[in-house]
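Reviewing the structure listed below.
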Amino acid sequence: MAAQPDVVRDRHIQAQVQAQPQAQSGDGKSSSRTVTDTIIGEHEHTIVGYSLVKGIGDGEPIASERFSVGGHEWVLLFYPDGKKSSSTEGHLAPPGLPAPAGGNGGGNQQAGGQGQVLHLPIPPGPIPANNANGGRAQGPPKQQQMQPARREATNDYSALFVALIGESDAPQGVVNTSDGRVVRAFHRFTLVDQTGQGRDLTKGRRRDQVNEQGAVKISCARQDPNARNCHGYRKFVKRSVLENPQNGFMANDTIVIRYTIELVVSSGGALSGHKTPANLAKPSVIQVPPPSLGHDMAQLLESGQAADVRFKVEEEELAAHKFILTARSPVFRALLNAPMREGQEGDVDIKDVRKPVFQALLYFTYTDQLPEELEGSNLDCAMAQHLLVAADRFQLPRLRRICERRLCETVEVDTVATTLTLAEQNHAEELKRVCLEFASRNLSTVMCSEGYHHMISSCPQLQAELLHTIAVANNDRTQHRSDRERGRHGPHVHPRDHNPEDEARRVRPRRE
Numbered sequence: 004m005a006a007q008p009d010v011v012r013d014r015h016i017q018a019q020v021q022a023q024p025q026a027q028s029g030d031g032k033s034s035s036r037t038v039t040d041t042i043i044g045e046h047e048h049t050i051v052g053y054s055l056v057k058g059i060g061d062g063e064p065i066a067s068e069r070f071s072v073g074g075h076e077w078v079l080l081f082y083p084d085g086k087k088s089s090s091t092e093g094h095l096a097p098p099g100l101p102a103p104a105g106g107n108g109g110g111n112q113q114a115g116g117q118g119q120v121l122h123l124p125i126p127p128g129p130i131p132a133n134n135a136n137g138g139r140a141q142g143p144p145k146q147q148q149m150q151p152a153r154r155e156a157t158n159d160y161s162a163l164f165v166a167l168i169g170e171s172d173a174p175q176g177v178v179n180t181s182d183g184r185v186v187r188a189f190h191r192f193t194l195v196d197q198t199g200q201g202r203d204l205t206k207g208r209r210r211d212q213v214n215e216q217g218a219v220k221i222s223c224a225r226q227d228p229n230a231r232n233c234h235g236y237r238k239f240v241k242r243s244v245l246e247n248p249q250n251g252f253m254a255n256d257t258i259v260i261r262y263t264i265e266l267v268v269s270s271g272g273a274l275s276g277h278k279t280p281a282n283l284a285k286p287s288v289i290q291v292p293p294p295s296l297g298h299d300m301a302q303l304l305e306s307g308q309a310a311d312v313r314f315k316v317e318e319e320e321l322a323a324h325k326f327i328l329t330a331r332s333p334v335f336r337a338l339l340n341a342p343m344r345e346g347q348e349g350d351v352d353i354k355d356v357r358k359p360v361f362q363a364l365l366y367f368t369y370t371d372q373l374p375e376e377l378e379g380s381n382l383d384c385a386m387a388q389h390l391l392v393a394a395d396r397f398q399l400p401r402l403r404r405i406c407e408r409r410l411c412e413t414v415e416v417d418t419v420a421t422t423l424t425l426a427e428q429n430h431a432e433e434l435k436r437v438c439l440e441f442a443s444r445n446l447s448t449v450m451c452s453e454g455y456h457h458m459i460s461s462c463p464q465l466q467a468e469l470l471h472t473i474a475v476a477n478n479d480r481t482q483h484r485s486d487r488e489r490g491r492h493g494p495h496v497h498p499r500d501h502n503p504e505d506e507a508r509r510v511r512p513r514r515e
């Protein structure tokens with residue numbers, strides 16, 4: 004079951020990690036320097052509906068979203084019903100996620116121990132070495148099939164792990180060792196006390212703690228995603244402690260897990276894998292500007308440079324470009340390529356469209372978006388109604404859908420009838436459905452509006468559709484009420500059909 008989207012808070016604190024270039028004097032002496040520090044990242048994962056995921060079974064994780072620290076991608080794996088040792092399980096990790104191999108094994112080892120390679124379980128039972136006939140084998144031993152161990156449904160502990168699942172092109176803190184490419188990190192897992200009393204449950208290690216054994220090594224090798232790339236606790240928290248409301252770890256069936264990582268990064272030295280500024284200049288970061296086609300097209304429309312079409316709207320002329328209009332609208336294509344004055348001379352009279360509406364339509368035709376002053380909530384109901392009509396007239400379906408969505412958001416008692424009429428006349432089916440449902444719920448008030456009388460005269464068939472919407476809504480409410488009553492009083496038992504033979508058996512014989 005997928006939990007609610009994560010609340011992610013990645014905090015990257017880049018330490019001053021700079022390698023000093025090698026210095027060599029004339030007498031043969033040289034020096035170098037290696038600097039090691041940490042990059043700190045934090046991720047907070049919220050699981051809403053814990054009671055619904057509890058009981059999904061041992062070894063079944065609830066995964067967080069991916070998050071990035073130091074150029075590596077990580078994911079948190081919370082096991083509500085626990086995660087037993089791999090030697091007692093006969094199943095693999097979920098697709099795309101590594102199986103926990105490091106950590107505390109059965110729960111007694113401290114988190115922070117080096118990860119271990121997972122091995123497949125060995126089938127139980129002795130291996131037959133000889134038989135009862137003097138120890139001579141009479142044939143090759145039969146191959147034993149590996150039967151997966153039965154997974155226990157309950158576990159006293161919930162498990163928590165972090166998995167390294169990927170890297171960017173330039174991951175930090177990677178060290179080449181005899182075991183392959185690894186990263187070193189300090190991990191801390193925290194179950195947050197949601198009462199605000201600071202009684203968080205934290206397990207893990209910090210680099211500033213005394214008597215620590217060092218950072219944990221996690222493999223970066225992608226050849227075997229199940230090998231040593233997880234770290235955490237099989238016995239992170241007892242389920243009874245987690246579910247006890249007095250501890251504050253669960254509130255409103257929600258738990259909050261906070262994970263902190265200090266990624267160890269070294270710079271300098273021949274084995275660090277990082278080239279120093281002495282032998283490699285740092286490449287400059289090339290900033291790619293955002294797309295500017297829409298802005299450039301708007302500038303072309305505004306300047307009117309090389310325009311070959313003139314629209315006359317409300318006694319004013321608006322210049323445009325034929326090749327752009329014909330590429331964007333089939334109506335403009337037919338109009339400007341016709342063997343008439345509009346197509347030959349490029350002079351077009353636009354009737355029944357206001358100048359601001361046609362200007363906005365031209366802007367959209369050039370840029371595929373509305374002007375900034377008409378975007379989002381800036382698009383009022385009246386302008387959206389006019390643009391809807393114009394978009395349908397010139398067959399600009401995306402503009403029509405934008406206006407349709409905006410009008411659905413601004414449906415009101417005073418305007419719903421007018422908007423319903425426009426939706427019927429301009430092929431806005433979704434807007435029509437929304438207006439019918441809204442008007443059916445507020446019919447007495449809507450009937451008093453001016454738009455209702457206009458709707459009756461322009462589209463009288465909408466009255467019948469409005470009544471049909473009301474009837475369907477009433478039937479649904481009646482059916483829902485009937486279902487609720489049936490559930491309250493139990494199913495209705497119909498009387499048995501009348502059977503004359505049964506009736507005859509029930510009649511007592513008359514006494515003599």
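When the letters of the sequence shown are read in order and numbered with our numbering, they come out as residues 4 to 515. Where a beta carbon is used, it is the ideal one built from N, C-alpha and C, also for glycine.
{"Query": "Exposure label - K206; buried when at least 16 CB within 10 Å", "Result": "buried"}
{"Query": "DSSP-derived helix/strand/coil call for E319", "Result": "strand"}
{"Query": "Rounded C-alpha distance that separates I125 from K57", "Result": "For I125, the predicted structure reports a pLDDT of 35, less than 50, and the residue's modelled location is therefore unreliable. A value from the coordinates is still provided. Distance between the alpha carbons of I125 and K57 is about 29 Å."}
{"Query": "Cβ-Cβ distance between F189 and E265 below 8 Å", "Result": "yes"}
{"Query": "Distance between V268 and A254 (C-alpha atoms, nearest Å)", "Result": "38 Å"}
{"Query": "F252 - partner residues in DSSP beta bridges", "Result": "Per DSSP, none; premise fails for F252."}
{"Query": "Backbone secondary structure at R313 - three-state DSSP", "Result": "strand"}
{"Query": "Sufficient close CB pairs (3 or more, under 8 Å) joining the segment 406-417 to the segment 430-437", "Result": "yes"}
{"Query": "Three-state secondary structure (DSSP) of S332", "Result": "coil"}
{"Query": "Within 8 Å, strictly: CB atoms of V51 and T193", "Result": "no"}
{"Query": "Endpoints, alpha helix (DSSP H) assigned at V437", "Result": "E432 to R444"}
{"Query": "Rounded Cβ spacing between V334 and Q388 (contact assumed at less than 8 Å)", "Result": "With 8 Å as the limit, V334 and Q388 do not qualify as a contact, their Cβ atoms being about 20 Å apart."}
{"Query": "Three-state secondary structure (DSSP) of R208", "Result": "coil"}
{"Query": "Within 8 Å, strictly: CB atoms of G44 and Q175", "Result": "no"}
{"Query": "Three-state secondary structure assigned by DSSP to I125", "Result": "The predicted position of I125 is uncertain, since its pLDDT is 35 and thus under 50; no value can be drawn from it."}
{"Query": "Bridge-paired residues (DSSP) for D352", "Result": "K315"}
{"Query": "For V240, the nearest candidate out of E415, N478, G85 and H48 (CA to CA)", "Result": "G85"}
{"Query": "Option in Y369, R242, E348 and T421 with minimal Cα separation from R401", "Result": "Y369"}
{"Query": "Span separating the alpha-carbon of A474 from that of R404", "Result": "29 Å"}
{"Query": "A424 versus V449, T448, V316 and Y455, residue with shortest Cα-Cα distance", "Result": "Residue identity differs from the one stated: residue 424 is Thr in this sequence, not Ala. Of the listed residues, the one whose Cα sits closest to T424 is Y455."}
{"Query": "Any non-hydrogen atom of the ligand ATP closer than 7 Å to D479 Cβ", "Result": "In the structure shown, the ligand ATP is absent, as is every other ligand, since no ligand is present at all."}
{"Query": "Nearest-angstrom beta carbon gap, L382 and L391 [assumed within contact, 8 Å]", "Result": "Not really, about 11 Å apart at Cβ, beyond 8 Å."}
{"Query": "C-beta contact flag for H75 and L167 at 8 Å", "Result": "yes"}
{"Query": "Beta bridge counterpart(s) of K241 as assigned by DSSP", "Result": "Y160"}
{"Query": "Rounded separation between A420 and H471 - CA only", "Result": "16 Å"}
{"Query": "Cβ-based neighbour list, D352, same chain, cut-off 6 Å, excluding 5 preceding and 5 following", "Result": "K315"}
{"Query": "Spatial distance of T49 from T263 (CA atoms)", "Result": "15 Å"}
{"Query": "Counted within 10 angstroms of its Cβ, other Cβ atoms place Q466 as buried (16 or more) or exposed", "Result": "exposed"}
{"Query": "Buried versus exposed call for F361 [16 or more other C-beta atoms within 10 Å across all chains shown]", "Result": "buried"}
{"Query": "Residue span of the alpha helix (DSSP H) that contains I459, given as start and end", "Result": "E453 to S461"}
{"Query": "Closest Cα partner of C233 within the set V78, E319, L303 and A385", "Result": "V78"}
{"Query": "L266: first and last residue of the uninterrupted beta strand (DSSP E) it sits in", "Result": "T257 to S270"}
{"Query": "Where the beta strand (DSSP E) containing L410 begins and where it ends", "Result": "It is not in any beta strand (DSSP E) - L410 instead sits in the alpha helix (DSSP H) that spans P400 to E412."}
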